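These notes are about the structure you will find just below.
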Amino acid sequence: MPMYQILLTRKYLLSKIMPFLAALCLSLCTGLVLVVWSVMGGFLTTLLDTGRTFAGDVTITWPSGIPHYQRLLEIVRKDPRVHAATPVIETFALMRLPDDRVEGVQVRGIEGPSYAATVGYDKALWWRPISEPIKTDEKGLDPRLSGDQDWKQTYDDGMSLTRRAGRNGPQIPAAVVGIDASGFNKLQDEGYYVAQGLVRPTSDGKTQSLPRYLFDNSITLNLIPLDSQGRLQTLVSKTLPVANEFRTGISEMDRRTVFVQFDEMQRLMKMDAVPKVVPKSGGAFNPYEGVNRTGDTKLPEIQTGELAPARSSSVLVKAKQGVGADELREAMTAAYAQFAREFRDVPGVDRLTGSNLIRTWAQANATLVNQVKRETALVLFLFWFITLVCSVLILAIFWAMISEKTKDIGVLRSVGATRSGIAGLWIGYGLILGVVGSLAGLALGYFVVTNINAIHEALGRYFGLYIWEPRVYLFSGIPDKVNPWHALIVTSAGIAFAVLGAIVPALRAALMQPVRALRFE
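Quick note: the sequence shown, position 378, residue 378 per the numbering used here, numbers continuous.
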């Protein structure tokens, strides 16, 4: 690079305020794009990762339950691409809380150990012993650090989904409830929960204090079982002690989900092995045989002496490291086809694939995922378009500077500076502004993204401005990670926009005639 380019670039850079304003504008735009991309792209990444974490990579499901699911699990677990698999029973229920409030929830029957191996259930259990406070708990006030509870026993109860009946009684089936479902817990600014005892109204108009922690109470679930044909059966009501609570970070799941021991859930939903019945045949049908005490009629049935096989609503499968979800889905389709060939009383593989019931989490939530992708692309397009304004601003500033420095350009041309050298002077000037502005924007964007939750909390605390609503955006926290590739793309694009804005003024300067430039007034 000729020496005059270096000297003049430094002179122009340090003597004029307008180029710094252009660099400031570029830094704000690049920082804004990085923040938007990190938050919205992070939301999509978190959505996919968290969905896979708590729903498995692939789900095999049938609405009324999959018979002989134990054999299906054997076939699935033998596949070398499978890390773990677990059966799950899912249904909706009304949950009556200890203070007599009633909430609609989704109930999942799970096997604690296999469910933990498949979806990380063990990491979601909240009440557990911890040796160090979380990063934001500088004073160490998290109740889990204290010894006022047997946190190890509470954690073990959550893993087994059981609770001891009395001091010396046996372990009985229990429920594990989402941390935000009961209202017993208050999230502190430091990120931990504090249990707050609630009260229950009594029949005499007074109130009764309840135990402080939900796991010292019981809940009542009201379920509606379905038979193997998908028909509604009699309402089932079951009171269960609470073993623990869980937190996934998915707002809807933490507010609307209850886990119950798989065997107990199977029994409540009448999905365990039960006597098989068939319509009574032979002779003329007497309709009065089917009249029960309520006056309703039903088709007379007889038991066959056989047992209908136990059922599971779904089988969740987790892939081994390096195996993609789509690859695993193809493998599970083949595994189910083998399973369907062994049993005549299970739905065929074509019925499941035709109804998209062997699917990845992204396929199950394709509408939401695709909508987030489209919204992210649209917002990024708008902000990149705004960033283009920086190119126009640099073009206008350089155009004005070239008009001011016309005689200087004439002098340089008259002493031997080439057209490419003059053009290189202004393009290099634009490159330096782009580098300075883009790096400043990168630093600004990184600072905002990594501290965005603290900034959001401060806005809410001091100004009452809460923008992120977990019940709408699913997650309790705003994504706060910067993707290195996104940062590189944004920085490079900012530099490219700055150089783009300098090209036209540089060409104008390079094409000036020396004699006319020297005579310019």
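For every residue, glycine included, the Cβ atom is placed at its ideal position computed from N, Cα and C.
Here the structure is a predicted model, which means the values were calculated and not measured.
Requested in this report: Using three-state DSSP, classify Arg311 as helix, strand or coil.
Outcome: Arg311: strand per DSSP, three-state reduction.
Query raised in the report: For the stretch 229–249 against the stretch 145–158, are there 3 or more C-beta pairs whose distance is under 8 Å?
Result: Contact holds between the stretch 229–249 and the stretch 145–158, because three or more Cβ pairs, one in each stretch, are under 8 Å apart.
Report task. Pick helix, strand or coil for Glu190, following the three-state DSSP scheme. Result -> coil
Query raised in the report: Would you call Glu111 buried or exposed, if buried means 16 or more other Cβ atoms sit within 10 Å of its Cβ?
Result: Here Glu111 is buried: its Cβ has 16 or more other Cβ atoms, across all protein chains shown, within 10 Å.
Query - Coarse secondary structure for Asn185, derived from DSSP in three states - result: Correct three-state label for Asn185: strand.
Query raised in the report: Once you ignore the five residues that flank Ala506 on each side, which residues in its own chain have a CB closer than 7 Å to its CB?
Result: Ala423, Trp426, Ile427
Query raised in the report: Do Val315 and Thr59 come within 9 Å of each other at the CB atom, strictly closer than that value?
Result: yes
Query raised in the report: Which residues in the same chain as Asp296 place their Cβ atom closer than 7 Å to its Cβ, once the five residues preceding and following it in sequence are excluded?
Result: Per-residue confidence for Asp296 stands at a pLDDT of 48, beneath the threshold of 50, marking its modelled position as unreliable; no derived number is given.
Query raised in the report: Does any residue of chain D bring its CB to less than 9 Å from the CB of Asp480?
Result: In the structure shown, chain D does not exist; there is a single protein chain.
**Report entry** Which of helix, strand or coil DSSP assigns to Trp62
**Finding:** strand
Report task. Can you check DSSP and say which residues form a bridge with Met95? Result -> Glu103, Leu221
Query raised in the report: What residues match up with Ala117 in a beta bridge as DSSP calls it?
Result: Answer is none; Ala117 lacks a bridge partner.
Report task. Specify the secondary structure class of Val236 as computed by DSSP and reduced to three states. Result -> strand
**Report entry** Where Ala506 falls: helix, strand or coil (DSSP)
**Finding:** helix
Query raised in the report: According to DSSP, which residues form a beta bridge with Ala331?
Result: According to DSSP, which records beta bridges pairwise, Ala331 is partnered with nothing at all.
Query raised in the report: Where Asp189 and Phe463 are concerned, what is the direct C-alpha to C-alpha distance, given to the nearest angstrom?
Result: Distance between the alpha carbons of Asp189 and Phe463 is about 16 Å.
Query raised in the report: Which residue comes first and which comes last in the beta strand (DSSP E) that contains Phe343?
Result: Per DSSP, Phe343 belongs to no beta strand (DSSP E) and is neither H nor E.
Query raised in the report: I think Val260 touches Leu161, with their Cβ atoms under 8 Å apart; what is that distance to the nearest whole Å?
Result: 7 Å
Query raised in the report: In terms of residue numbering, what span does the beta strand (DSSP E) encompassing Arg359 cover?
Result: 358–360 is the extent of the beta strand (DSSP E) around Arg359.
Query raised in the report: What's the call for Arg293, buried or exposed, on a 16-neighbour Cβ count within 10 Å?
Result: Confidence at Arg293 is low in this model, with a pLDDT of 44, below 50, so the placement of that residue should be treated as unreliable; the coordinate-derived value is given next. By the neighbour-count rule (16 or more Cβ atoms within 10 Å), Arg293 is not buried but exposed.
Report task. Report all residues from its chain with a CB closer than 6 Å to the CB of Ala116; omit the five preceding and five following residues, and keep chain order. Result -> Taken in chain order, the residues that qualify are Asp122.
Query - Cα-Cα separation between Gln233 and Met269, rounded to whole angstroms - result: 9 Å
Requested in this report: Please check the pair Gly178 and Val88, which I expect to be a contact at CB under 8 Å, by giving their CB distance rounded to whole angstroms.
Outcome: 16 Å between Cβ atoms; not a contact.
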